[in-house]
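Asks: Using the working numbering, read the sequence shown as starting at 7 and increasing by one per residue.
Each residue gets a CB set at the ideal place from its N, CA and C atoms; glycine is no exception.
Structure incoming, see below.
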Amino acid sequence: MAGTLKSVLITGCSAGGIGAGLAEAFQEKGYHVFATARTPSKISPSLADAPNVTVQALDVLSPESISAAVERVSKETGGKLDVLINNSGAVMMMPALDVSIAEGKKLFDVNYWAVLAMIQAFAPLLIKAKGYVVNNTSVAGVLPFGAFGSIYNSSKAAAILGSETWRLELAPLGVRTLTLVTAAVKSNVWVNMAPPTIPENSYYHPLQGYITDLSDGRLQKDGITAKEYGDKVVREVEKGTTGKLWVGGGAAAARIAAWLLPDWMMVSFIHLFPCDELLIEVE
7 MAGTLKSVLI
17 TGCSAGGIGA
27 GLAEAFQEKG
37 YHVFATARTP
47 SKISPSLADA
57 PNVTVQALDV
67 LSPESISAAV
77 ERVSKETGGK
87 LDVLINNSGA
97 VMMMPALDVS
107 IAEGKKLFDV
117 NYWAVLAMIQ
127 AFAPLLIKAK
137 GYVVNNTSVA
147 GVLPFGAFGS
157 IYNSSKAAAI
167 LGSETWRLEL
177 APLGVRTLTL
187 VTAAVKSNVW
197 VNMAPPTIPE
207 NSYYHPLQGY
217 ITDLSDGRLQ
227 KDGITAKEYG
237 DKVVREVEKG
247 TTGKLWVGGG
257 AAAARIAAWL
267 LPDWMMVSFI
277 HLFPCDELLI
287 EVE
């Protein structure tokens, strides 16, 4: 029966996250959902046991794991995949002067290169289905909200530009692409991230408390729920929407700001760190 349904594979479906909300929304819409996570036990039992849901272990940084997922999906769907949602991602909050370059590269591996690896691997299934690629990026890739997120912001900016370019390349093959420019969504992303530790010899060490506070979830306080987010994405996929879709709490305001405001006005729009406190310490 599952083989007769439209199929969707979603990365990063651990309980409490955006992926879980997407999986629930697509399942309710009647899709055969391949709910994946690096650690499948982190997928909620209610989702794992739902009708037409297949749980699959998937580490987006492992070519072998990706290949196993392709084989599993192909076997169960007759070699097709209607929708691929690249949702997995990682967050980093750290002053650029103190960032480990090695750790920064790992973040790019998750937020950018893994997305392309998934698209490459599933391309034959998507082309056969005349399917859909959905890439979850961030409003932080367009507007650098606050300081200390330069590596994350840059990785998402790369993902946005990559997704929009891949859209042009995949269109002649019959595959549509939707780029989600995600604003505030209530999820457990900050809960799962260890608070950043600023080195004692850092210029920014006096702001340790401020930077730690940024990681407590306050950036999501005006966010929509993951399920509301998922419902919105399903509707747009069903309509055949392509290109950028701004979605989440504050998304409309952020889009207007990015479109209309000159750079100098961004200073009042974007939340900045308390530079006066830092300058006093430096002096």
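With hydrogens ignored, establish whether the beta-carbon of Gly36 is closer than 7 Å to any heavy atom of the ligand ADP.
Replies: In the structure on display, the ligand ADP does not appear, and there are no ligands present to speak of.
Asks: What whole-angstrom Cβ distance do Asn92 and Asn159 have, given they're in contact under 8 Å?
Replies: With 8 Å as the limit, Asn92 and Asn159 do not qualify as a contact, their Cβ atoms being about 18 Å apart.
Asks: For the region 124-136 against the region 144-156, do three or more pairs of beta-carbon atoms, one drawn from each stretch, fall closer than 8 Å, so that the two count as touching?
Replies: no
Asks: Only counting the same chain, and skipping five residues up and downstream in sequence, which positions put a Cβ closer than 6 Å to that of Ala190?
Replies: The answer, listed in chain order, is Gln226, Asp228, Gly229, Gly254, Gly255, Gly256.
Asks: DSSP has Val253 in a bridge; who is on the other side?
Replies: Paired residues: Thr188.
Asks: Hey, which unbroken runs of the beta strand (DSSP E) at 3 residues or more fall wholly within the region 9-92?
Replies: Assignment of beta strand (DSSP E) within the region 9-92, counting only whole runs of 3 or more residues, yields 13-16, 38-43, 59-63, 89-92 in chain order.
Asks: Just the Cα atoms here: how many angstroms apart are Gly18 and Ser221?
Replies: 20 Å
Asks: How should Lys238 be labelled, buried or exposed, when 16 other C-beta atoms within 10 angstroms of its C-beta is the threshold for buried?
Replies: Buried.
Asks: Among the candidates Ala153, Lys111, Ser169, Lys12, whose CA atom is the shortest distance from the CA of Tyr216?
Replies: Ala153
Asks: Which class does Asp269 belong to by DSSP, given the choice of helix, strand or coil?
Replies: helix
Asks: Which of helix, strand or coil does DSSP assign to Ser221?
Replies: coil
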